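**Student:** Chains L and P, in that order, are what the protein sequence lines are. Mapping of the first sequence onto my numbering: position 306 corresponds to residue 306, and the numbering continues sequentially without gaps. Remember, my numbering sits 1000 above the position in the second sequence when you count from 1. Just dropping this structure here.
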Amino acid sequence: MEKRLIYADHAATTAVSEEVLQEMLPYFTQQYGNASSIYKMGRASHEALNDARARVAACLGAQANEIYFTAGGSESDNWAIKGTCDRLAAQGKKHIITSVFEHHAVLHTCEYLEKHGFEVTYLPVSAEGLINPADVEKAIREDTALVTIMYANNEIGTIQPIAEIGAICKAHKVLFHTDAVQAVGNVEIDVKAQNIDMLSLSGHKFHAPKGVGALYVRRGIILPNLVHGGGQESGRRAGTENVAGIMGMAKALEIATADISGKIAKLTPLRDKLIDGILQLPQTRLNGSREHRLCGNVNVSIVGIEGESLLLMMDYYGVCASSGSACTSGSLDPSHVLLSLGLKHEVAHGSLRLSFDRDFTEEDVDYILEIIPQVVNRLREMSPMWERMCKEGISLV
Amino acid sequence: MIYSDKVMDHFTNPRNVGEIENADGIGEVGNAKCGDIMKMYLKIDGNVITDVKFKTFGCGAAVATSSMATELIMGKSIDEALQLTNKAVMEALDGLPPVKVHCSVLAEQAIKSALWNYYEKQGIDPEPIIGKVPDCEDCH
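Here it is in structure tokens:
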């Protein structure tokens, strides 16, 4: 078997595409003016930003003046949540609704606010990794400042009923923020039709460089600054703009949203072949709904082995993947997302996430399906946990 | 997190993997919930460890520390094996990332646990010789 290199960790980050790089290059060495400067070169940068803002807005169904550029998804999440709560606390609104399986950029921000007198409702998710909109409605109170629910989960790729949640929030006049970092370029987003008040996105998840993102804030919502200083971004987010990165992100977003249905049509069969192939192995399970799932996400648990060993062995065969095991998270507990589905710790430790993009091929699927059984069998052969499961006929899936 | 070449070598080509039939001492430490289990088998002749095998469920460092620990006690006396510390295992592997130090502790405990079992089988109280082997919880 010939070794290959397959990058199957697109949910972690992506390569900057050639077109995006070309879009960015002039802004490093030629059009490097500060967008706040008065002379021609500065004005050119300012115009570039206006252009990028309009293009990003168009991809989301928003207006240009509703787009604020940030340094990425985490900053956007922090700004949306802290900013909203900062403002609404003055009106006595000190309650936040979120879910148990949000990204840490949201969860840890909510935990921070809890220490500052806010109350947070963490909605549960179903065994399939989906939030029930009725639970959102039930949780809304008089003093609810914000509902923040992710568009698609970063580990298991489950797509949440965002439009339904948006409609509920609108009916109850509660602000609704969504972390759409994993969803952008994978699902059709229309912030108006879906009643989204604020939306976070991150460039490097769709072939723009790292360190650039955006926050959509519906017109009429006043969000206090997170970053104070100069008058950039209409005075709402200080700091000299990352013009090259922002131009790259605009280009990348146009490419990512140009043919979403084509991407879904191409990747869904590959994803399902990969899932079905892995599930041929005994004591394996798919984590999260198959139906409401990103077309480029596979997350499975392979019982009896530990995730980090699995990743290291797969890396040996040239496959880059990720796991929610405790050993890879750097904490003692496995992924909070997998535990939120009701998985036992020992099942969550054996998890594997493969995430891919338009360039993924049938050959890639075949190669991965060829190496996984070899790697799994080898690790299971040396696993005392697997030995016991076999001897005692224990099933954990 | 970066593993040393030695850790990667012992992970990709672990030494002494398997079981020993009619082992003189078997020890198991850790648990599946924590994400690592080490099982150690010893063959002892007189006072000498003539064979040692292991099975491990765990991360790269867990496999590498078990493998290295078996190499370090193979052919050694029981006394020498009892003196093996987790530090010695780590040093032999050219170090471990800080979050993986507990894996080396587990390897040390696996040996002690197997020797505990050996003494029990001999009808000898292991505690005065080995001391207490702490639970897995203590290594976190």
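Note that beta-carbon positions come from the ideal geometry of N, C-alpha and C, so glycine has one too. Just so it is clear, the structure is predicted and the values come from calculations on it, not from any experiment.
On the three-state DSSP scale, how would you describe D1094(P)?
**Tutor:** Residue numbering aside, residue 1094(P) sits at position 94 when the second sequence is read from its first letter. Three-state DSSP puts D1094(P) in coil, outside helix and strand.
**Student:** How many Å lie between L215(L) and D197(L) at the Cα?
**Tutor:** Position 215 of the first sequence, counting from 1, holds the residue named residue 215(L). Position 197 of the first sequence, counting from 1, holds the residue named residue 197(L). Straight-line Cα distance between these residues: approximately 10 angstroms.
**Student:** Could you name the residues of chain P that Y316(L) contacts, counting a contact when the two beta carbons are closer than 7 angstroms?
**Tutor:** Along the first sequence, read from residue 1 onward, the residue named residue 316(L) stands at position 316. T1012, listed in chain order.
**Student:** Count the other CB atoms within 10 Å of the CB of H177(L); is the residue buried (16 or more) or exposed (fewer)?
**Tutor:** Sequence index remark: in the first sequence, residue 177(L) carries index 177 (1-based). Buried, since its Cβ has 16 or more Cβ neighbours within 10 Å.
**Student:** When you compare only the Cα positions, how much space is there between Q63(L) and A54(L)?
**Tutor:** Against the first sequence, residue 63(L) aligns to sequence position 63. Against the first sequence, residue 54(L) aligns to sequence position 54. Their backbone Cα atoms lie some 7 angstroms apart in a straight line.
**Student:** From what residue to what residue does the alpha helix (DSSP H) around V147(L) run?
**Tutor:** One-based indexing of the first sequence puts residue 147(L) at position 147. First-last for V147(L): 144-148, but that is the beta strand (DSSP E), not the alpha helix (DSSP H).
**Student:** Taking only the alpha-carbon atoms, compute the straight-line gap between E1127(P) and V1133(P) and give it to the nearest angstrom.
**Tutor:** Within the second sequence, the letter at position 127 stands for residue 1127(P). Within the second sequence, the letter at position 133 stands for residue 1133(P). The alpha-carbon atoms of E1127(P) and V1133(P) are separated by roughly 9 angstroms.
**Student:** Closer than 8 angstroms between beta carbons: that is the criterion. Which residues of the region 1029-1044 of chain P meet it against chain L?
**Tutor:** Hits within the stretch, in order: A1032, K1033, C1034, G1035, D1036, I1037, M1038, K1039.
**Student:** Tell me where the beta strand (DSSP E) around R353(L) begins and ends.
**Tutor:** Counted from its first residue, the first sequence places residue 353(L) at position 353. Counting along the chain, the beta strand (DSSP E) containing R353(L) begins and ends at 351-355.
**Student:** Is it true that the CB of A127(L) sits closer than 8 angstroms to the CB of G342(L)?
**Tutor:** Here residue 342(L) is taken as the residue at index 342 of the first sequence, counted from 1. Here residue 127(L) is taken as the residue at index 127 of the first sequence, counted from 1. Contact: yes.
**Student:** Please look up how many angstroms separate the CB atoms of L199(L) and A180(L), rounded, as I've assumed it's under 8 angstroms.
**Tutor:** Numbered from its first residue, the first sequence carries residue 199(L) at position 199. Numbered from its first residue, the first sequence carries residue 180(L) at position 180. So it is a contact: roughly 5 angstroms between Cβ atoms.
**Student:** Listing by chain order, which chain L residues have their CB less than 9 angstroms from the CB of V988(P)?
**Tutor:** Residue 988(P) is absent from the model: chain P starts at 1001 and stops at 1140.
**Student:** Enumerated in chain order, which unbroken segments of the beta strand (DSSP E) with a length of 3 residues or greater are wholly contained in the region 34-97 of chain L?
**Tutor:** Counting whole runs of 3 or more residues, the region 34-97 of chain L contains the beta strand (DSSP E) stretches 67-70.
**Student:** DSSP beta-bridge partners for S202(L)?
**Tutor:** As a working mapping, residue 202(L) is identified with position 202 in the first sequence. Per DSSP, G213(L).
**Student:** What residue range is occupied by the uninterrupted beta strand (DSSP E) comprising G1162(P)?
**Tutor:** This structure leaves residue 1162(P) out entirely; chain P is present only between 1001 and 1140.
**Student:** Taking only beta-carbon positions, decide if K1055(P) is within less than 8 angstroms of chain L.
**Tutor:** Within the second sequence, residue 1055(P) is the residue found at index 55, counting from 1. Judged by the 8 angstroms Cβ criterion, K1055(P) is in contact with chain L.
**Student:** CB P373(L) to CB L286(L), shorter than 8 angstroms?
**Tutor:** Translated into the one-based positions of the first sequence, residue 373(L) becomes position 373. Translated into the one-based positions of the first sequence, residue 286(L) becomes position 286. Not in contact: P373(L) and L286(L) (Cβ atoms no closer than 8 angstroms).
**Student:** Under 7 angstroms Cβ-Cβ, which residues of chain P neighbour C327(L)?
**Tutor:** As a working note, residue 327(L) is residue 327 in the first sequence. Neighbours of C327(L) on chain P, chain order: G1035, C1059.
**Student:** Mapping the DSSP letters down to three states, classify D366(L) as helix, strand or coil.
**Tutor:** For this step, residue 366(L) is matched to residue 366 along the first sequence. Note: D366(L) maps to helix in three-state DSSP.
**Student:** Give me the DSSP bridge partner(s) of H177(L).
**Tutor:** Here residue 177(L) refers to the residue found at position 177 of the first sequence. According to DSSP, which records beta bridges pairwise, H177(L) is partnered with T148(L), M198(L).
**Student:** Taking the C-alpha atoms as reference points, what is the distance between M1074(P) and P1097(P)?
**Tutor:** As a first step, residue 1074(P) must be located in the second sequence, where it is residue number 74. As a first step, residue 1097(P) must be located in the second sequence, where it is residue number 97. Taking the straight line from one Cα to the other gives about 26 angstroms.
**Student:** For the region 201-209 of chain L against the region 249-257 of chain L, do three or more pairs of beta-carbon atoms, one drawn from each stretch, fall closer than 8 angstroms, so that the two count as touching?
**Tutor:** Contact between the region 201-209 of chain L and the region 249-257 of chain L is present, because at least three Cβ pairs lie under 8 angstroms.
**Student:** Who are the Cβ neighbours of C59(L) in its own chain at under 7 angstroms, not counting the five residues just before and after it?
**Tutor:** Against the first sequence, residue 59(L) aligns to sequence position 59. Same-chain partners within the cutoff: L253, E254, T257.
**Student:** Check distances from the C-beta atoms of the region 341-354 of chain L to those of chain P and list, in chain order, the residues that come in under 7 angstroms.
**Tutor:** Listed in sequence order: H345, E346, H349.
**Student:** Per DSSP, T1056(P) forms a beta bridge with which residues?
**Tutor:** Here residue 1056(P) refers to the residue found at position 56 of the second sequence. In DSSP, T1056(P) forms a bridge with M1038(P).
**Student:** Per DSSP, what kind of secondary structure is K1043(P) in: helix, strand or coil?
**Tutor:** Residue 1043(P) sits at position 43 when you count from the first residue of the second sequence. Strand at K1043(P).
**Student:** Does the beta carbon of E1089(P) sit closer than 8 angstroms to a beta carbon anywhere in chain L?
**Tutor:** Position 89 of the second sequence, counted from the first residue, corresponds to residue 1089(P). Looking at the sequence shown, residue 1089(P) is not Glu but Val. With 8 angstroms as the cut-off, V1089(P) does not count as an interface residue toward chain L.
**Student:** Please name the residue or residues paired with L234(L) in a DSSP beta bridge.
**Tutor:** Here the question's residue 234(L) lines up with position 234 in the first sequence. Note that residue 234(L) is Ser in the sequence shown, not Leu. Beta-bridge pairing links S234(L) to no other residue.
**Student:** Please determine, among Y1041(P), W1116(P), V1063(P), the residue with the shortest C-alpha to C-alpha distance to T1050(P).
**Tutor:** Here residue 1050(P) is taken as the residue at index 50 of the second sequence, counted from 1. Checking every option, the nearest Cα to that of T1050(P) belongs to Y1041(P).
**Student:** Can you grab the Cα-Cα spacing for the pair E155(L) / L369(L), in whole Å?
**Tutor:** For the purposes of this step, residue 155(L) is taken as residue 155 along the first sequence, with counting starting at 1. For the purposes of this step, residue 369(L) is taken as residue 369 along the first sequence, with counting starting at 1. Distance between the alpha carbons of E155(L) and L369(L): 20 angstroms.
**Student:** Indicate the three-state DSSP secondary structure (helix, strand or coil) for L123(L) in the structure shown.
**Tutor:** In the first sequence, residue 123(L) corresponds to position 123, counting from 1. L123(L): strand per DSSP, three-state reduction.
**Student:** Count the other CB atoms, across all protein chains shown, that sit within 10 Å of the CB of Q30(L); report buried if there are 16 or more and exposed otherwise.
**Tutor:** Counting from one through the first sequence, the residue named residue 30(L) turns up at place 30. Exposed is the call here.
**Student:** Give a yes or no on whether the minimum CB-CB distance between E392(L) and chain P is below 8 angstroms.
**Tutor:** Here the question's residue 392(L) lines up with position 392 in the first sequence. It does not; no Cβ of chain P falls within 8 angstroms.
**Student:** Do you know offhand how far G324(L)'s Cα is from C1034(P)'s?
**Tutor:** Here residue 324(L) is taken as the residue at index 324 of the first sequence, counted from 1. Here residue 1034(P) is taken as the residue at index 34 of the second sequence, counted from 1. Straight-line Cα distance between these residues: approximately 13 angstroms.
**Student:** So, with DSSP's three-state summary, where would you put I221(L)?
**Tutor:** Counting from one through the first sequence, the residue named residue 221(L) turns up at place 221. Note: I221(L) maps to coil in three-state DSSP.
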